[in-house]
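Using the working numbering, you'd call the opening residue of the sequence shown number 1189 and step up by one each time. The C-beta atom is built at its ideal place from N, Cα and C for all residues, glycine as well. In what follows, a single structure is set out as structure tokens and then discussed.
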Amino acid sequence: MTFPTIHINLVSAQLSANLIPTLSDPCIEGVVLVTGDDKMVNSERRLIDIYKRKGVEILGITFQCGHTSYYPKIKNSANRLLDILLTKYPEHRIILNATGGTKMMSQAFCDAFRHSDNVEVIYLDTASGWIVYPYQPERSCQVESVIDIETYLLAHNFRMTGGSINDADTLQLIVDRRHHTEFLAKTLTNAQTIMAAVNWFANSALNNQAVPLTAKINDYLYSKQLLFIEQLEKRGVLTRDGRKVTFINEDAARYLCGGWMEELAYLAAVDAGADFVGINVEGKWLKAGSINSTNSKNELDLLIVHNNQMMLVECKTQRFRYKEKDNLSEQDKMKAQKGKEISNKLDSLGKNVAGLYSKVIFVSAGDVSHTMADRMKAYNITCFEGKNIFKFKDYVESWMESTKPDAALPDV
């Protein structure tokens, strides 16, 4: 016979440990959130927000045990909560998730709950991908994929507000123009000077804000540009009248100005079979101690979530390589500075958005400098540059394989 369940979440900064077992349970009827003190108020509010979005009822909102390290006080609070639950829900199974909270909270709640017939104690072993029953190891099971992109971001203090991730028409357009995307990738990674020129006139058209969007082909590598533009004209991306090019719409200009690189990476992730893939994800950071957002808007090029783990991908079509010498030209100084800014940005996003068991990737159609490559390596950012961008799909598949739960139960 299957009984409805109530989960006890010991709230801590890492919300995945609370969320994964709860959202994996098909018999879940409600959750009790337990905090030690007011320091976890931000995590608590985010959990409430996520569970409401997922249709999981919060029972009594929260239960504060008044301390995070004094065992007797925590144990008394645990006993009191257990008595309340057994009295109010005698036909339910009580699931104590001992993963969160402080070590002392986990120990005290385990000691209070473990001897009751209606209680099961679980622990999420994130590294192995198992939900472990320490007192009933035969019941331990592999975790399921239950965290989507929106949930993952909210758990890491970032509220998704929009973007192409849920736009069915845009996602279909990406699929429909795959052949254009693959043409651009193969052509421009082999002709990076042309890529720089194309970026320039596409960006010029966007900055002009005229209707229709037009730009003038500059003199730099004019004949080679012309051959490439003729190909784009045949593909319906733009039209040409002498040195003047006119884009069919704003989307076409943005696509040529670097959007194609994001779409190439998106298609690679979809082809690899990732659980959740989001492109051009827009969102805002949450204010400290609140579920309300800040005013500043952020856009993340590509997010992949598979088996509850995230890969964050930044895509660029600029050239970052330059002659690394003592006296840099102004143009090379700009490239060096831009490379530093991107590296620092991705390092910050990896720490604040992606989380502990995440991957941060930089995919650049243009080659990067040795300095930029070394900085990214130091930040544990994997870089695919130039012709190596075509290896990205294989990397995603390998990463997805690594996220699978271990085949055997870890030692308990």
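Contact check, residue i vs residue j under 8 Å by CB: the rounded distance?
| i | j | result |
| --- | --- | --- |
| L1597 | I1569 | Wrong, their Cβ atoms sit about 34 Å apart, outside the cutoff. |
| S1200 | G1288 | 4 Å |
| L1500 | S1536 | Actually they are not in contact, since the Cβ atoms of L1500 and S1536 sit about 11 Å apart, beyond 8 Å. |
| E1628 | I1283 | Because the chain spans 1189 through 1600 in this model, residue 1628 falls outside it and cannot be assessed. |
| K1575 | T1377 | 5 Å |
Would you report the Cα separation of residue i and residue j, rounded to the nearest angstrom?
| i | j | result |
| --- | --- | --- |
| P1322 | L1455 | 42 Å |
| I1238 | K1404 | 50 Å |
| K1472 | Y1410 | 42 Å |
| I1236 | N1486 | 24 Å |
| C1503 | V1548 | 11 Å |
| T1427 | T1434 | 5 Å |
| L1211 | P1278 | 22 Å |
| R1563 | L1488 | 21 Å |
| F1550 | C1571 | 5 Å |
| V1458 | N1345 | 26 Å |
| D1213 | F1389 | 54 Å |
| N1437 | G1424 | 11 Å |
| G1351 | K1565 | 30 Å |
| V1320 | E1518 | 58 Å |
| Q1397 | K1291 | 58 Å |
| M1498 | I1310 | 24 Å |
| G1477 | F1371 | Low local confidence applies: a pLDDT of 48 at G1477 is under 50, so the model's placement there is unreliable, with the coordinate-based value given in what follows. Cα-Cα distance, rounded: 48 Å. |
| K1240 | F1464 | 21 Å |
| K1528 | E1573 | 16 Å |
| K1276 | L1341 | 34 Å |
| R1281 | T1193 | 5 Å |
| V1399 | A1440 | 13 Å |
| I1382 | T1591 | 39 Å |
| V1229 | I1216 | 24 Å |
| I1417 | S1552 | 22 Å |
| K1581 | A1460 | 6 Å |
| R1302 | G1248 | 22 Å |
| Q1506 | T1339 | 32 Å |
| D1226 | K1242 | 25 Å |
| I1196 | V1220 | 5 Å |
In chain order, what residues of the same chain have a beta carbon less than 7 Å from the beta carbon of residue i, not counting five sequence neighbours either side?
| i | result |
| --- | --- |
| L1462 | The question names Leu, but residue 1462 is Ala in the sequence shown. Taken in chain order, the residues that qualify are I1492, H1494, V1584 and M1588. |
| L1203 | S1231, R1234, L1235 and A1343 |
| A1300 | K1263, A1266, N1267 and L1270 |
| Q1330 | G1317, W1318 and P1593 |
| A1453 | L1490, V1501, C1503, V1551 and F1580 |
| K1135 | What the structure shows of the chain is the stretch from 1189 to 1600, and residue 1135 is not part of that stretch, so it cannot be assessed. |
| N1391 | C1445 |
| E1421 | T1427 and R1428 |
| T1358 | S1352 |
| T1223 | V1199, E1232, T1250 and Q1252 |
Name the two residues that bound the continuous alpha helix (DSSP H) containing residue i.
| i | result |
| --- | --- |
| Q1497 | Q1497 -> not in any alpha helix (DSSP H); beta strand (DSSP E) instead, spanning Q1497 to K1504. |
| V1458 | W1448 to A1460 |
| R1509 | Looking at the DSSP string, R1509 is not in any alpha helix (DSSP H), and its letter there is neither H nor E. |
| D1271 | Y1259 to K1276 |
| P1209 | S1204 to S1212 |
Going along the chain, which residues of its own chain have a beta-carbon closer than 8 Å to the beta-carbon of residue i, five neighbours each way excluded?
| i | result |
| --- | --- |
| K1261 | C1253, G1254 and H1255 |
| R1509 | K1523, G1554, D1555, V1556 and S1557 |
| S1294 | L1198, A1286, T1287 and G1288 |
| V1334 | L1207, I1208, L1211, S1212 and N1496 |
| L1394 | L1401, E1438, A1441, R1442 and C1445 |
| W1448 | H1368, T1369, L1372, A1373 and T1505 |
| S1304 | L1270, L1274 and I1282 |
Starting from residue i, follow the beta strand (DSSP E) in both directions and report where the run begins and ends.
| i | result |
| --- | --- |
| H1494 | N1486 to H1494 |
| A1403 | T1402 to K1404 |
| N1468 | F1464 to W1473 |
| N1197 | T1193 to L1198 |
| V1222 | I1216 to T1223 |
| V1363 | First-last for V1363: A1356 to D1364, but that is the alpha helix (DSSP H), not the beta strand (DSSP E). |
| E1573 | I1569 to E1573 |
| N1230 | No beta strand (DSSP E) holds N1230; the alpha helix (DSSP H) holding it covers V1229 to R1241. |
| L1284 | R1281 to N1285 |
Looking only at its chain, what residues have a beta carbon closer than 6 Å to the beta carbon of residue i, apart from the 5 residues adjacent to it on each side?
| i | result |
| --- | --- |
| H1368 | R1423 |
| E1604 | The first residue shown for the chain is 1189 and the last is 1600, placing residue 1604 beyond what the model contains. |
| V1541 | H1344 and F1346 |
| A1296 | Y1259, I1262, K1263 and A1266 |
| K1412 | I1382 |
| Y1408 | A1385 |
Unbroken stretches of the alpha helix (DSSP H), 4 residues or longer, contained in the segment 1296-1352: Qualifying alpha helix (DSSP H) stretches, in chain order: 1337-1343.
Beta strand (DSSP E) runs contained entirely in the segment 1372-1438, provided each spans 3 or more residues: Whole beta strand (DSSP E) segments, 3+ residues: 1402-1404, 1426-1429 and 1432-1435.
Which runs of the beta strand (DSSP E) at least 3 residues long sit entirely within the segment 1516-1590? Give them in chain order. 1547-1552 and 1569-1573, all fully within the segment 1516-1590.
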